[in-house]
Amino acid sequence: MFNFSKMKLSLKIALGIGLVVMLFVVLAVYTVINLSKINNDITDLSVKYAPIVEGVAAVEKAYLEANLYSKAYVIRADENSYKNAEKYKNKTNEDIHKLEKLVNKFQNMNAISNKLEDFENLLHEGEALLKNMKEKNIELDKLMAEGNEYGKALSYDLTIYSTMQAQKLKKGLRSGDSMDIISRRVTKMLFANDSLDLIKTYRINVLNAILKNDNKQLKDNTASLDKIYSDVDMILAMTTKDVDITRLNKIKDNLKKYQQTILNIAQARLKLDEIEQNRENVANRALIFTEALSTSGINSIKDNSTKVAKVQTQVKDFVFAGLFICIFLATLGCLVVVNSIAKPINKIVKKLDDSSNAVTDASGKISLSSQQLASGSAEQASSIEETSSTLEESSSMVRQNTENTNQAAGLAKQTKFAADKGYAEMNEMMGSMQEIKKSSDEIGKIIKVIDEMAFQTNILSLNAAVEAARAGEAGKGFAVVAEEVRSLAQRSAQAAKDTAEIIENNIHLSEQGVSVAQRVNSSLIEINDQAQKVSDLLDEVSTASQEQAQGISQINNAISQMEQIVQNNATTAEQGANAADSMSAQAVNMKTIINELIIMINGANQNTVVDRCSAATAQQSKQVQNIKPVQAPKKDQSAHKPVSKIKKDLCSNNTKVVSPEDVIPLEDDTEGF
Amino acid sequence: MSGLDFTVEELLANDYDSVDEEFLEDFFVEAKEHIENIEMKLLELEKNSSDPEIINSIFRSYHTIKGLAGFVSQLLIQKIAHTTETLMDLCRNNEISATKKIIDIILLSTDLINKICQEQSLNKNENFIRTACNHLESIQNVIESKDSELSLDIEVEVSSEVQSPKIGEILEQHDVLDEDDIQDILEKQSENTEMMFGEIAVKEQKATPKEVVEAVRTQAKVNTNEYMRVPLSKIEHLTNMIGELMITHSVIEQSTINKFRTEDNSISSNFLKVSRITKDIQNLAMNLKMVSLKSTFQKISRIARDTIFELDKNIMFITQGENTEIDRSVAEKILEPLVHLVKNAISHGIESSAEERVSLSKAVQGLVTVSAYSKRGFVYIEVADDGKGLNKERIYQKAIEKKLIDSNRNYSDKEIQEFILLPGFSTAEKVDSISGRGVGMDVVKTEVQKIGGKLDINSQINKGTTFILKLPINNAVMNGTIVNLAKSNYIIPTINVKQIIQPKNEQWVYIQSKQSMIKVREDVIPVIDIWRIFDQTKSKDYEPELIIILEMEHTLKALPIDSITGRQEIVLKPLGEEFKNLNFFSGSSILADGAVSLIFDIENLFKLDEGAL
Amino acid sequence: MLELQVNSQEGKYLTFYLGNEDYGIPILKVKEIIGMMDITYVPRTPEFIKGVINLRGKIIPIMDLRLKFGMDEKDYNERTCIVVVEVLINGSQRHLGIVVDTVSEVMNINGKDIEPPPQFGAKIDENFLTGMGKVKDKVVMLLDIEQIVNSEEFVALFNNMREEETSIV
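Chains as they are written, first to last, in the working numbering: chain W, 236 to 908; chain V, 6 to 618; chain P, 208 to 376.
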């Protein structure tokens with residue numbers, strides 16, 4: 236803030252407003268963060284804790300059910316109860332797993348999850364116990380059945396024994412056994428029946444004890460069996476028959492076993508009781524755990540709610556405080572900014588006014604100098620034009636020169652062509668002569684044929700003459716004809732011979748002709764060569780001229796480029812003048828604007844400044860007007876040839892007309908080409 | 006009928022059919038010529054009745070007709086000719102002047118003869134005979150009275166229909182109509198003269214149109230069968246010219262085809278056509294000269310009969326294959342050899358006595374057969390007897406006796422048999438009019454060889470002997486092998502060519518450092534010293550490329566030659582009087598290129614070679 | 208015809224050249240004139256007999272007159288001709304070809320222009336000549352062709368042959 240005054244106006248304003256806005260933003264951010272925290276907590280409440288509590292409740296409920304059925308099983312020891320207990324145990328397990336999953340989703344639930352783990356362990360323990368109990372129950376059932384079996388067998392054997400003794404007795408009585416035997420037998424029977432009774436009683440007692448769940452009585456009752464044991468021993472002592480001894484031994488054996496079984500049962504039942512005790516223990520512990528679970532769930536909900544309420548209060552307080560600070564800071568900033576803007580603007584406007592006046596003056600001066608530059612350019616252009624035209628003339632001279640050379644070359648070529656043609660025609664002529672010779676040969680052949688024919692005719696005519704002579708008188712006329720034919724044949728032979736000679740002559744002459752033609756031919760070839768040489772030389776000259784012409788045209792090009800540049804210069808000068816004009820106009824404009832600015836800043840009471848400014852402007856515009864007469868004709872000139880027009884004007888002013896020849900002494904120059 | 010020494014009945018009873026058709030044709034042709042001559046002469050006679058030469062000529066013609074007519078049993082013609090001849094004789098002797106009347110009579114006679122010549126059936130036509138008799142009677146009257154005015158006017162009316170068989174007759178011959186039918190139709194025709202016989206026959210359903218048309222054709226055929234006598238020389242000239250034509254043709258053909266071969270196929274095909282036609286013409290011309298052996302055999306039969314009578318032997322003589330055709334000149338030339346052979350067979354072949362034959366358990370009657378047949382361009386004539394056969398020992402003895410052979414040499418049976426063909430050989434002890442002059446057999450052989458033939462003997466003792474003559478159908482054309490020798494072409498009759506070999510050095514046998522012999526397998530064959538024969542000096546280093554082995558009568562000789570040019574049918578031309586003495590050439594022939602080539606006469610060549618040695 | 212010739216030498220003659228000399232043959236002896244053609248050599252004949260030719264189917268012997276007259280042999284060219292003559296050889300009418308350098312013309316020679324042949328000094332045997340004809344500025348030697356053909360040499364050849372023939376057959 237220490238260099239605040241140096242800062243841009245807009246920046247200053249922005250800084251002020253920005254500060255305030257920042258404060259508001261800080262405030263708003265704080266509020267929003269806290270609000271979102273609250274919101275989270277509330278969400279936690281609904282999403283996290285509520286289902287946990289719910290789960291805990293479910294677990295509790297399921298466990299209670301399971302426990303109920305476990306207990307029922309302990310009492311009833313039936314399958315149904317077991318199954319239900321199992322089922323609810325499983326359900327509890329499932330619920331626990333669900334809860335675990337839920338708990339694991341969120342952090343900071345270790346308390347619950349630990350508890351849950353413990354609970355789970357308990358649950359497994361209980362389960363194991365229940366299973367153990369079941370096993371024991373089965374064992375017990377088996378033992379019971381066994382005992383029952385032994386008991387039954389015992390009574391049966393004894394009954395059979397006594398019945399048999401009775402029958403034997405009856406027999407003995409009928410057969411008249413000795414009294415001794417009979418008495419022994421009666422004794423035996425008495426012992427047996429006694430034992431039978433005892434067993435029956437014992438069995439009833441056992442049942443009672445079981446029903447009453449009195450393990451002690453069960454154990455104690457076994458002593459009564461010892462009596463039976465001794466009875467049987469007695470009988471044994473009296474018995475001689477092996478069969479009976481065996482049977483009695485068996486009874487004894489069974490009795491022993493029965494006794495043992497009963498003892499086992501009693502023991503088992505004790506064990507069962509013990510397990511039940513354990514189970515009860517575990518169940519109780521578990522129940523405590525469930526309670527603890529639900530309690531902890533509800534507790535966490537409670538904690539959260541309190542936390543939310545606390546945060547809310549904090550936020551409310553902070554927002555109010557922030558608002559106050561902001562309003563204060565904003566008002567302060569505004570004041571500082573407005574002050575810092577207004578002061579420098581006033582200073583600037585003053586300086587602006589001064590400098591605009593200076594600009595108006597300068598622009599007038601630029602306009603004037605531009606005008607002068609333009610006129611100078613025009614003069615330069617005209618002199619270049621002159622050079623150009625002179626060059627053009629010399630170029631045309633060179634061109635003519637080239638043309639002449641070309642013409643000469645053409646003539647040389649024509650000469651060569653004519654010589655060529657002559658050569659070709661000569662060749663043709665020679666060919667024709669050969670042809671003549673050939674046809675002469677052919678004619679010679681034909682003449683030979685004619686000669687041959689004449690000879691044949693001669694022979695024929697002679698034959699005819701012979702025939703005629705043979706015909707005697709009658710053949711006379713014919714002989715005349717034959718003679719005539721013969722003379723004709725001879726004449727044609729002669730003619731053929733003559734022709735052959737002529738042809739021979741012809742051949743000779745044509746041969747001569749051929750040799751002459753050959754000589755002419757060689758001369759023509761010479762001519763042809765010479766013409767070729769001339770043509771070649773002229774071609775060289777022509778090429779040189781062409782090169783010269785090319786050089787001139789290059790110079791021409793350079794000049795026209797110069798022309799272009801000069802023209803460009805003129806144009807640029809003109810444009811400079813124009814720009815100066817428009818600059819002064821702009822200066823006036825600027826003045827007006829500055830005035831307006833001043834009015835805007837300082838209010839309408841600052842009139843003096845405006846007046847002074849307008850006076851300066853008026854003076855300047857007057858200066859500009861003085862230059863205008865020079866500018867005007869320039870602007871009239873057409874766009875294409877501004878330079879040449881000026882040049883013309885200059886030329887006409889000059890009055891002295893200079894011909895290109897005077898400027899460039901042509902004769903001298905041509906020698907150089 | 007006073008003056009006639011014969012009656013109409015006699016004429017009618019004459020047997021006209023016994024004569025051979027061919028002879029009859031010949032007779033008619035000849036008679037017609039004479040009649041033409043007579044008619045021409047008669048016209049001359051009218052102009053110049055006193056010329057004895059004309060009358061003589063007419064007389065001779067009638068005389069010839071009379072003679073010929075007697076030969077072919079043309080009794081009526083004979084009578085007419087005879088009577089007219091008598092009349093002419095009177096004229097000739099100027100006993101009767103040849104008036105117009107006489108000329109008319111003679112003309113009438115010629116007409117009658119002419120009519121008979123044209124229409125044989127007139128011989129059986131009683132009306133015609135009567136007319137003729139009347140005419141002859143009137144001539145007789147003239148002869149007897151020597152008054153030409155006493156002749157009767159007789160019109161000879163022979164309708165043109167008489168000249169050719171009637172349709173009715175032909176149809177009757179064809180078993181289409183019987184006599185009654187013909188009579189019916191003729192009656193109908195007389196009622197309606199506009200209609201033709203055939204038309205009525207068809208209309209009356211006696212004959213089908215087809216049968217009638219056939220009959221008309223037959224009639225036309227009979228009408229056109231005419232003859233004409235042409236001098237043999239003309240025919241020979243014609244054959245020669247055709248031979249010439251063939252040669253010229255082949256010359257043109259060769260050069261033309263060589264020239265145009267690639268350009269035009271039609272030329273060569275046309276040439277082929279032309280050569281076919283020429284060949285046909287040649288065959289035709291050759292055929293013109295062909296005659297059957299009938300007349301030859303008839304002559305032989307006659308001689309054989311005479312000979313048998315003369316010798317009084319019981320021999321039957323038979324001829325077979327008399328229709329075999331042969332060149333006329335050959336037929337003429339063969340007669341004498343055949344007569345010799347037949348006579349020999351009768352006199353020497355057949356046993357002299359019947360007992361001899363009986364002892365050999367042969368038929369009492371001997372048998373001599375002359376048979377002819379043609380085979381592969383040759384005509385074979387066999388003269389066979391079933392007699393004794395050739396006695397080889399006697400022949401051998403005789404040959405030795407007559408010093409005809411070399412007694413130091415062994416001869417095969419066949420060679421011994423052929424001794425009888427040697428000149429001057431005759432085994433018969435006594436010379437009689439029939440055989441035994443010792444010239445017979447060698448004449449036979451020479452004659453046969455002259456006409457290009459060959460004579461073979463086939464004899465078995467006590468079984469018989471057969472002489473086989475192998476004769477060319479005509480002697481003008483033969484197959485020749487053209488060889489090149491000392492840059493000229495010569496022709497060797499292919500029949501004499503046995504073998505052509507390429508000699509190897511070791512085959513030559515040198516005598517006096519000359520290649521005198523050549524060894525061919527087992528045989529050593531003498532080489533003909535052709536240079537000596539040609540009267541030329543042989544260049545020393547001349548080595549013949551080829552050797553051609555020639556065979557003649559079982560003799561082999563080798564002829565060195567340069568090359569074989571070809572083999573073709575050649576037309577033999579006599580070499581001419583000038584060279585007649587160069588007898589180792591039998592003649593010349595014109596080859597396809599138009600050049601003349603000389604034909605070797607192998608027999609004479611051999612002889613000349615031997616003579617030169 | 209022959210009689211006519213014998214009686215008078217006057218008449219038409221066919222003239223021809225042998226070398227530079229003109230010869231004449233009575234035209235009636237001439238059958239025809241033909242160009243040169245291939246001649247088939249016949250062995251065992253005198254040198255002047257060149258052989259035989261085929262004249263339209265007739266075989267006729269050819270005699271070279273130059274050789275016969277003992278002149279140099281000359282190659283035949285297109286001017287060389289064969290004059291076919293009709294002659295009596297041993298009494299029979301024969302055709303014979305005579306090779307001459309070239310034929311010239313048929314000319315009529317009057318009897319008064321004919322002189323007898325010189326007794327000596329002639330190039331050829333006087334027996335072969337019947338006379339010397341003078342026509343215009345030329346002298347034509349008139350040949351007796353029969354005499355030539357029947358001359359000893361020629362006849363001897365034939366006779367020799369005939370003897371040979373008879374001895375063989």
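Even glycine gets a Cβ: it sits at the ideal position worked out from N, Cα and C.
Beta-carbon proximity of residue i to residue j, cut-off 8 Å
i	j	result
W:Asn-693	W:Arg-726	no
W:Leu-431	W:Ile-497	no
V:Gly-592	V:Leu-610	no
W:Ala-728	W:Ala-689	yes
V:Thr-329	V:Tyr-401	no
V:Ile-60	V:Met-93	yes
V:Thr-283	V:Ser-306	no
W:Ala-717	W:Ala-700	yes
V:Glu-249	P:Gly-258	no
W:Gly-532	W:Val-291	yes
P:Ile-289	P:Ile-316	no
W:Ala-808	W:Ala-616	no
V:Ile-148	V:Gly-173	no
W:Ala-503	W:Lys-371	yes
Helix, strand or coil at residue i according to DSSP, with G and I counted as helix
i	result
V:Ser-591	strand
V:Ala-563	strand
V:Pro-57	helix
P:Pro-324	coil
W:Asp-846	In this prediction, W:Asp-846 has a pLDDT of 46, which is less than 50 and means its spatial position is unreliable; what the coordinates show is noted afterwards. W:Asp-846 falls in the helix class under three-state DSSP.
V:Ser-357	coil
W:Met-469	helix
V:Asp-614	helix
P:Leu-295	strand
V:Pro-214	helix
Chain W contact residues for residue i, given Cβ-Cβ distances below 9 Å
i	result
P:Leu-350	Chain W residues near P:Leu-350: none, gap ~15 Å exceeds 9 Å.
Interface partners of residue i on chain W, CB under 8 Å
i	result
P:Val-310	Asn-693, Ile-694 and Leu-697
P:Ile-240	Ile-694, Leu-697, Asn-698 and Val-701
P:Leu-221	Leu-697, Ala-700 and Val-701
Proximal chain V residues relative to residue i, where beta-carbon distance stays under 7 Å
i	result
P:Tyr-248	Ser-493
Start and end residues, beta strand (DSSP E) containing residue i
i	result
W:Tyr-298	Counting along the chain, W:Tyr-298 falls outside any beta strand (DSSP E), though it belongs to the alpha helix (DSSP H) covering 285–311.
P:Gly-340	336–342
Residue i: contacting residues in chain P (beta-carbon distance under 8 Å)
i	result
V:Gln-507	Correct list: empty, because the minimum Cβ distance to chain P is about 25 Å.
Contacts of residue i in chain P (Cβ-Cβ under 9 Å)
i	result
W:Glu-687	Glu-285
Under 7 Å from the C-beta of residue i: neighbouring residues of chain W
i	result
P:Ile-234	Ala-700, Val-701 and Ala-704
Start and end residues, alpha helix (DSSP H) containing residue i
i	result
V:Ile-2	In the structure as shown, chain V starts at 6 and stops at 618, and residue 2 of chain V therefore has no counterpart that could be examined.
V:Met-45	26–52
Inside the stretch 260–320 of chain V only - beta strand (DSSP E) runs reaching at least 3 residues: Along the length of the stretch 260–320 of chain V, whole beta strand (DSSP E) runs at least 3 residues long occupy 295–297, reported in chain order.
Runs of alpha helix (DSSP H) lying entirely within the stretch 442–491 of chain V, each at least 4 residues, in chain order: Look at the stretch 442–491 of chain V and you find these whole runs of alpha helix (DSSP H), each 4 residues long or longer: 445–455.
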